[in-house]
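Let me begin by presenting the structure, written as structure tokens, before commenting on it.
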Amino acid sequence: ALAATIPGLLVAFHYGVQITRPSWGHFSDNGGKRTKWIIGGVMTLCLGTILACLGVVMFSENVFLAYATSILAYALIGLGVGAAGTCLLALLATGTAERRRAAAATITWLMMIFGIAITAVILGKILDPFSPKRLLTIVSCLCIFYFFLTNLGVYGIEKKLSKINKKISQPKLLEGLKEVWSESRARNFTIFVFLSMTAFFMQELILEPYAGLVFNYSVGESTSLSGKQNFGIFFGMLTVGILASGLKLGKLKNWVIFGCIGSAFSLALIAALGNFQINFSLANAVILLGFMNGVFAVAAIGSMMELASQGKNAREGTRMGLWGAAQAIAAAFAMLIGTSAVDIMKLLSFDNASAYGLVFSIEAVLFLASAGIALLVMSNKEFSFNDNQLEPMS
């Protein structure tokens, strides 16, 4: 069997590889050829996914070769996600009217969650009886299908966007990054992304063990919490999309702050449920957390799309890459620090409820700090929203 730590290290590694996101964004800024980077990224992602399954098959025959294949696979997965994701967001930012960016972000992320859910359901049904070779065959077929679906989805879109088809002279990568980093709003938003994403991802690997150890959930019951959280995320995103973009209710800045504060409250509630007698179920608290996470995430993504088009022309990809790298580093850091913090608390003789509760409380504080940064940064004249639009730089 695979060591329990290996999957976690590989996931963290694939996030670490995504520090290359600014490079992909910068390359796509040169001449505006984002479509080829999206397709190339998805192709790399599919290849990495197939190799990851091949690595699982190899473990029964050659452990060393299996580890080497898995490391290469997750490197390709990280590169593919970074290239395709960064360039897709840049394409959305440059090709969507400002008043529609919240809706575009909502639709994109809802489709992503829907795709994850549908794939999980289909795989769950056709994987039985499970074997590594059967997994490899099914995943290979899915990757081929998704690659052709990607080509179909982006076909001809970029040709219609005259703005991003203009060839604008671009500086070298490091010079471009220095220019973007010199913009106070881009720099401050990078800090916000890192802090908020650290808070967002810290519970990723500890919520299910918390449910099992503290609330005596079975494996099936604790696993179902992830589905309930995604259910909440789905409706949180849908709510912001309808209210902010459809009904023009509230500025994106306010939705970001509301989502951060709501997420902090939900995490504090989850921590308190394990340590105090509160008449509220863990499942409902997790759904509430998912809802607030969804509100925060889609509003932050909409804000990111707004900000990517601000500052010097034709730097959308570089800015998206910078923020994407901050998100990826935060995710890897959060997953490692979340589990490590729980273990440290246990070594210090904390019981399970107190150890996990303290980590959830730290996440809540990080979300509150993120709300404070969002309030300060987005209230700045360069950053303020007015009817879902950013004021120009003075």
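In our numbering, the protein residues as written are 319 to 712.
Just so it is clear, CB atoms sit at the ideal spot from N, CA and C, and this is done for glycine as well.
Owing to the predicted nature of the structure, the values given are computational and were not obtained by experimental measurement.
So what's residue i in DSSP terms, helix, strand or just coil?
i	result
R633	coil
F448	coil
Q547	helix
A692	helix
E501	coil
E476	helix
D661	helix
N534	coil
Q645	helix
S584	helix
G568	coil
S599	coil
N506	helix
F518	helix
G592	coil
F685	helix
K496	helix
L666	coil
L523	coil
S540	helix
S563	helix
I462	helix
S672	helix
S627	coil
I482	Confidence at I482 is low in this model, with a pLDDT of 46, below 50, so the placement of that residue should be treated as unreliable; the coordinate-derived value is given next. Of the three classes helix, strand and coil, the one that applies to I482 here is helix, per DSSP.
G656	helix
Could you tell me if residue i is buried or exposed, where buried requires 16 or more neighbouring beta carbons within 10 angstroms of its beta carbon?
i	result
P325	exposed
M429	exposed
Q645	buried
T437	exposed
Y528	buried
A692	buried
S514	buried
V537	exposed
N483	Note that N483 has pLDDT 48, beneath the 50 cutoff, so the model's placement of it is unreliable and the number below is only indicative. It is exposed - the Cβ of N483 has fewer than 16 other Cβ atoms within 10 Å.
G642	buried
S500	exposed
L383	exposed
G396	buried
Y535	buried
G359	buried
S346	buried
R352	buried
V439	exposed
F598	exposed
L272	Lying outside 319 to 712, the shown extent of the chain, residue 272 is not represented and no answer is given.
Using a threshold of 9 angstroms, state whether the C-beta atoms of residue i and residue j are closer than that.
i	j	result
F614	V574	yes
T516	A682	no
A626	F576	no
V660	I524	yes
Q547	L585	no
G620	L570	yes
A298	M653	Because the chain spans 319 through 712 in this model, residue 298 falls outside it and cannot be assessed.
V558	T455	no
F510	V381	no
G530	S544	no
C371	S458	yes
L640	T508	yes
A582	A689	yes
I579	L686	yes
A590	G675	yes
R339	E497	no
T414	A422	yes
H332	L495	no
P450	S378	yes
L410	T387	no
M361	F465	yes
T404	G568	no
L791	R452	Residue 791 lies beyond the residue range present for the chain, which begins at 319 and ends at 712; the question has no answer from this structure.
F651	I605	no
Below 8 angstroms on the Cβ atoms is my guess for residue i versus residue j; work out the distance and round it to an integer in Å.
i	j	result
M638	A408	5 angstroms
G398	L363	3 angstroms
A402	I475	At roughly 14 angstroms, the Cβ-Cβ gap does not stay under 8 angstroms, so A402 and I475 are not in contact.
G292	L328	Since the first and last residues shown for the chain are 319 and 712, residue 292 lies out of range.
N611	I551	5 angstroms
N593	S667	Not a contact, Cβ separation roughly 16 angstroms.
G433	W342	G433 to W342, Cβ: 21 angstroms. No contact.
R419	E624	6 angstroms
L600	F533	6 angstroms
Within the 9 angstroms Cβ cut-off, does residue i reach chain B?
i	result
F576	Looking for chain B here will not work: only one protein chain is present.
Does at least one heavy atom of the ligand COA sit under 8 angstroms from the Cβ of residue i?
i	result
A421	Ligands are entirely absent from the displayed structure, and the ligand COA is therefore not among its contents.
Report task. May I have a chain-ordered list of the alpha helix (DSSP H) segments no shorter than 4 residues that lie completely inside the region 329-393? Result -> 339-347 and 352-376
Requested in this report: Can you check the region 400-454 for any alpha helix (DSSP H) of at least 4 residues that lies completely inside it and give the ranges in chain order?
Outcome: 419-444
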